[in-house]
Structure formats: structure tokens, C-alpha cells
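Visitor: Take a look at the following structure, please.
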Amino acid sequence: MGNRLVSYFHHRLVNTDDNWRFQTLIFFFLTLLTRLPFRSHFLYDHDSVQFALGMRDYDVYLNQPHPPGYFLYVYTARLINYFVRDANVSLVWISIVASALTVAVIYNLGSAIFGRREGWWAALLTATSPLFWFFGEVALTYVVAACFASLIGLFAWRLLNEPGRWIFAAGFRQDLLVFLGPLWLLGFAKADWRTFAIASLLLILTLMLWFVPMLVATAGSARYFSALSELWQYNNAPQSIWHSELSSPFDTLLTLLGFLSYGLGIGTIFLLFSAYALFRTGEWRELAGNKLLFFALWLAPALLFFSLVFIPPYKYSYGLVIVPAFLLLTPPAVRQALEALKKLTGFSTLAGVHAPTFILALIVVANSVVFCLASSGFSVSALRTHERLLASIFSGIRNNFPSQGTVILGRQRSTFSGYRHTQYYLPEYLVYLADQQSNLRGQNWYVFGAHNGQTTLSEQVEIPPGTERIVFLADPYFPESNSDLPKMNLRTLRVSDDYTLYYKEIEPTERTAAKK
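Note that numbering that gives the first Met the number 0 numbers the sequence shown so that position 277 is 276, with each residue one more than the last.
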């Protein structure tokens with residue numbers, strides 16, 4: 000029986016002409032299994048909480064979730080939540096399945112563009128990418144974006160080669176067309192106008208299927224577009240490349256390089272060296288034109304937007320819309336880099352049969368070690384440390400400050416442990432985001448708050464009569480934003496080795512209506 004099983008798998012793996020479906024399933028389930036032990040147990044950041052709030056009460060104007068709304072994502076999670084009864088589990092399962100689908104798609108796309116061997120390595124590199132692996136364990140949309148970016152890439156490539164077969168696939172994805180619209184259009188380069196018209200109609204229909212219900216759920220188009228405009232005015236525009244005081248062109252460059260270093264690991268060295276060698280020798284002109292155009296249209300729109308319009312400094316997760324393209328390019332880049340080194344040094348073994356395999360295997364192992372064992376920002380260690388921090392903050396507040404008479408102020412828009420987390424995990428407390436954001440004209444946005452877990456909007460922070468204490472949430476990830484807390488004559492409570500709560504007791508004579 001054992002010999003038959005071994006023989007069956009050997010036949011499936013060796014006969015590459017008819018086993019692509021089997022190998023696709025292998026990559027899917029192996030990725031699924033590697034994600035299960037490391038999945039997060041808390042809503043990871045500010046946006047994660049807003050997705051969870053949207054599952055309970057969808058309203059884009061209240062940033063439940065934030066614009067543009069993520070309607071299909073939130074309602075898919077709501078459907079899963081019907082069975083699992085845990086918002087974080089529901090959202091994380093979407094990330095896990097999206098991770099597995101991405102690896103399977105990358106295997107097929109890499110095989111179609113460069114051959115089966117390169118597709119195999121591209122899939123392994125994707126599965127073990129620290130950046131990709133990390134965001135496949137948390138309740139965020141970035142891996143879902145990577146999944147659909149890869150699907151659009153696969154559909155575009157198939158349309159170029161088999162236009163009749165892939166007509167209906169082109170209308171599959173909606174919001175990623177902002178970045179991948181040119182790649183989507185490339186798929187119709189060899190199609191007639193009827194094919195393009197049908198696919199465009201399908202795209203419009205799929206857009207309407209989620210966009211109209213989203214407007215209804217947000218109580219109308221005026222409310223929705225007002226939310227979209229306000230988010231840009233008060234949050235995104237002040238951080239845009241041409242206005243931001245928070246980052247410099249050097250920060251933007253480091254962020255873009257971070258996409259590669261966290262996404263590819265040491266594979267970045269070979270990718271950059273290969274690109275340098277190709278342009279230095281002029282050999283890039285000999286590359287197949289359709290491949291060059293394909294990757295240019297995938298990468299250029301996002302890179303231009305991030306470089307010239309908007310990218311939060313060191314927000315590496317944004318890069319997952321283009322990291323799959325770089326992962327696809329890494330196996331051929333390793334071979335090209337070794338060939339260039341052979342010409343440069345004269346060592347023939349550098350471009351031998353086994354050298355690229357050794358290098359690619361080394362990258363896979365190194366990236367796996369970085370995620371599983373290292374203490375980098377995108378690792379199991381970082382995720383567990385963050386979860387312990389959240390647990391200590393919530394238990395510290397709940398065990399020391401009764402909800403009656405306590406107001407909690409999130410002083411900064413902390414991504415990882417701010418007012419939204421408190422709203423969700425400590426719904427019995429009154430909580431505000433105290434810092435009021437302004438647009439470029441100096442106008443103030445609403446103050447976001449929550450009471451009994453329900454989001455509120457107000458003109459200012461209102462401290463109700465009878466308040467006995469105010470607790471200030473420090474930001475553990477940006478200590479410089481907390482520099483004024485020790486100067487405010489506040490009491491402190493150490494809730495863990497890494498976190499201190501600051502609070503102010505209000506004297507009975509001061510417990511009258513007050514506004515901050």
C-alpha cells in the first residue's frame with residue numbers, strides 16, 4: 000500500500016505535462032497548513048478593528064470600515080462569522096485562504112510566463128516571503144490585494160495567449176483596477192472589440208453588484224462620498240508626497256526598498272544585480288517584448304503613485320499589490336545574476352545547473368527562518384509580542400479602573416493600540432481619539448469616540464459630569480509622541496515591562512461638566 004502511494008505521488012510530480020492541477024492543489028494546501036499555527040488572536044491594528052466594527056454595523060461614514068468601504072470583504076467576513084462567531088477569526092481565515100490562493104496562482108502564472116520550474120520556485124518564494132506570510136496571519140486586506148493582483152496578472156497573460164478562453168475572467172476584480180487597469184487592458188491587445196465590450200460590461204456589472212448595496216448600507220451616496228472626501232482631506236492629503244512634513248523623498252525611497260527587502264529577503268540582492276547587469280550591458284533590449292510590457296504595466300502605475308502621490312512612510316504592507324510581480328521575477332533574476340557573475344569572474348560553476356537551485360533554496364530557507372525564528376518586524380515573534388502588549392493594556396485598564404467614572408483618551412492615531420482597540424475590546428468604557436485632525440485649510444475633522452462600543456462623532460472631547468479619572472493611552476510604537484506625558488503631572492501604572500498607563504484622578508470638587 001505504501002509503495003503504491005509513493006508511486007502515485009511520484010507519477011503526479013514527475014509527469015509535468017498533466018499534473019499542473021495536482022501541483023496547484025499541493026501548493027494551496029501546503030500554504031494553508033503553514034499559516035494555521037501562526038494566526039493572530041487579536042485584531043491586529045486600527046483598520047482590523049474597523050473591519051470588525053463594519054461586520055457588526057456597516058457604515059463607511061463612521062469609518063466602519065474606512066473608505067472606500069471594502070464591501071465584499073466585510074460581508075464575506077460577516078458570512079463566515081455566522082459560523083465561527085468571532086470577528087478576528089473570520090477575517091484571519093480570509094487572509095489565510097487568500098494566501099493559499101495567491102501561492103497557487105503564482106505557481107500557474109510563473110509556469111505560464113517562464114516555465115514550470117520557475118513557477119515552482121516563484122510559488123515557494125511567495126509562500127515563504129516574510130512580508131506576505133505575516134499579513135496572511137492577520138485581519139487585514141493586503142494579502143487579499145496580492146491575491147487579486149496575481150489573478151488579474153494571470154487573466155491578462157491568458158488573454159494575451161488564449162483570448163477566447165478567458166473572456167469572462169476579466170470582469171472578476173474591481174478596486175485593484177486603479178493600479179492594475181493598464182495590465183487588465185493589456186489582456187485585450189489581441190482581442191476583438193466584441194471581446195473587450197463583453198468583458199467591460201461584465202466588469203461594470205460586478206462593480207454595480209457591490210457598489211449599489213454599499214451605498215444603501217451607508218445610507219446613501221451623499222453620505223458615502225462625503226466620507227470618502229473627508230478621509231482624503233483630513234488623513235491622506237496632509238500625508239501626500241507634496242505636502243507631508245512627516246516624510247522626505249529619502250523616506251519614500253526606503254519604503255519602496257522595504258517592499259523588496261521584506262518581500263524577497265536576500266532575493267532582493269539578486270533581483271537588483273540582475274536588473275543592473277541587464278541595463279549595463281544593454282541585454283534588456285533582447286528580453287521578450289510581451290514579458291517586458293506585462294511586468295512594466297503591473298509595476299509602473301503603483302510605483303509611480305507611491306513615489307509621486309501617496310505612501311505612508313515605512314508602511315510596507317502597501318507593497319503587497321506589486322510584491323508578487325517581483326517574486327515572479329526572482330527565479331529568472333537569480334539565473335541571470337549568476338550568468339552575469341560568471342562573465343565577470345570567469346567561474347563557470349556560478350551558472351551551472353545546480354547553482355541557481357542552491358541559491359533559490361537558500362532564499363526560501365532564509366526567509367522561513369526570518370519569519371518563524373527571528374525578531375524582525377514581520378515575524379511570529381513580533382506578532383506574539385504585539386498580542387501580549389494588547390492583552391496587558393486591556394487587562395491593566397479593566398483590573399484597575401472601573402468603567403463607571405473613567406474616560407479613556409487615545410492621544411495619537413495609534414495604529415496598533417489606540418482608541419479603536421479600546422472601543423472593541425473594552426466596550427463598557429467611554430473612549431475618545433483626542434487629537435483632532437485638520438485639513439490643509441486648517442479646518443478640523445470630527446472627534447471620533449465610542450460609548451458602549453458604538454462609534455460617536457462630536458465637535459470636541461466631552462468629559463461628562465461625575466468623571467473620576469482620565470486614562471491616557473500612550474503609543475508604544477512611537478515613543479516620541481508620548482514625550483509630553485511625563486510633564487503633565489500624571490500618575491502612572493506599569494502594566495507590563497513594555498507599557499505604562501498614564502492617568503489623572505479628578506478631585507470631587509472638579510467633577511463638574513467639563514470640556515477638553
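Cβ coordinates follow ideal geometry from the N, Cα and C atoms, glycine included.
Keep in mind it's a predicted model, so treat the numbers as computed, not measured.
Go ahead and label residue 427 buried or exposed: buried means 16 or more other beta carbons lie within 10 angstroms of its beta carbon, across all protein chains shown.
Guide: Exposed, since its Cβ has fewer than 16 Cβ neighbours within 10 Å.
Visitor: What residue does the alpha helix (DSSP H) around residue 221 start on, and which one ends it?
Guide: Segment 220-230, the alpha helix (DSSP H) holding residue 221.
Visitor: Curious, which full-length beta strand (DSSP E) runs of at least 3 residues does the stretch 395-466 contain?
Guide: Complete beta strand (DSSP E) runs here, min 3: 405-409, 429-432, 446-450 and 453-457.
Visitor: Identify whether residue 374 lies in helix, strand or coil by the three-state DSSP scheme.
Guide: Looking at residue 374 - three-state DSSP - the assignment turns out to be coil, as it is neither helix nor strand.
Visitor: At what residues does the alpha helix (DSSP H) containing residue 35 begin and finish?
Guide: Unbroken run through residue 35: none, as it is neither H nor E.
Visitor: Does DSSP put residue 470 in a helix, a strand or coil?
Guide: The answer is strand: DSSP assigns residue 470 an E or B state.
Visitor: With DSSP run on the structure shown, which of helix, strand or coil describes residue 55?
Guide: Reduced to three states, the DSSP call for residue 55 is helix.
Visitor: As a quick exercise: from 496, 460 and 51, pick the residue whose alpha carbon is nearest that of residue 137.
Guide: Ranking the options by Cα distance to residue 137, first place goes to 51.
Visitor: Is it right to say residue 313 is buried, meaning 16 or more other beta carbons lie within 10 angstroms of its own, or is it exposed?
Guide: Looking at its Cβ environment, which holds fewer than 16 other Cβ atoms inside 10 Å, residue 313 is exposed.
Visitor: Are residue 337 and residue 354 close, meaning C-beta to C-beta below 9 Å?
Guide: Yes, they are a contact pair.
Visitor: Are the CB atoms of residue 83 and residue 92 nearer to each other than 9 Å?
Guide: Their beta carbons are under 9 Å apart, which means residue 83 touches residue 92 by this criterion.
Visitor: Can you list the alpha helix (DSSP H) stretches of 4 or more residues lying completely in the stretch 68-149, in chain order?
Guide: DSSP runs (the alpha helix (DSSP H)) wholly in the stretch 68-149: 70-83, 86-113, 115-127 and 129-134.
Visitor: Can you grab the Cα-Cα spacing for the pair residue 432 / residue 45, in whole Å?
Guide: Each residue's Cα considered, the two are about 12 Å apart.
Visitor: If contact is defined by three or more beta carbon pairs under 8 Å, each pair taking one atom from either stretch, is the stretch 464-482 in contact with the stretch 396-415?
Guide: Contact between the stretch 396-415 and the stretch 464-482 is present, because at least three Cβ pairs lie under 8 Å.
Visitor: Does the distance from the CB of residue 43 to the CB of residue 415 come in under 9 Å?
Guide: Result yes, Cβ atoms of residue 43 and residue 415 sit closer than 9 Å.
Visitor: Using the C-alpha atoms, what's the distance from residue 141 back to residue 259?
Guide: Roughly 15 Å between the two C-alpha positions.
Visitor: Are the CB atoms of residue 121 and residue 326 within a distance shorter than 9 Å?
Guide: Yes, the Cβ-Cβ distance between residue 326 and residue 121 is below 9 Å.
Visitor: Please go through the same chain and pick out, in chain order, the residues whose beta-carbon is closer than 6 Å to the beta-carbon of residue 99, but skip the five residues on each side of it.
Guide: Here the set comprises 27, 30 and 31.
Visitor: Whose CA, out of 502, 24, 410 and 429, lies closest to the CA of residue 479?
Guide: Cα-wise, what sits closest to residue 479 is 410.
Visitor: Specify, as a first and last residue, the run of the alpha helix (DSSP H) that residue 338 falls within.
Guide: First-last of the alpha helix (DSSP H) with residue 338: 322-344.
Visitor: Using 10 angstroms around the beta-carbon of residue 126, count the other beta-carbons present and answer buried if the total reaches 16, otherwise exposed.
Guide: With 16 or more Cβ atoms within 10 Å of its Cβ, residue 126 is classed as buried.
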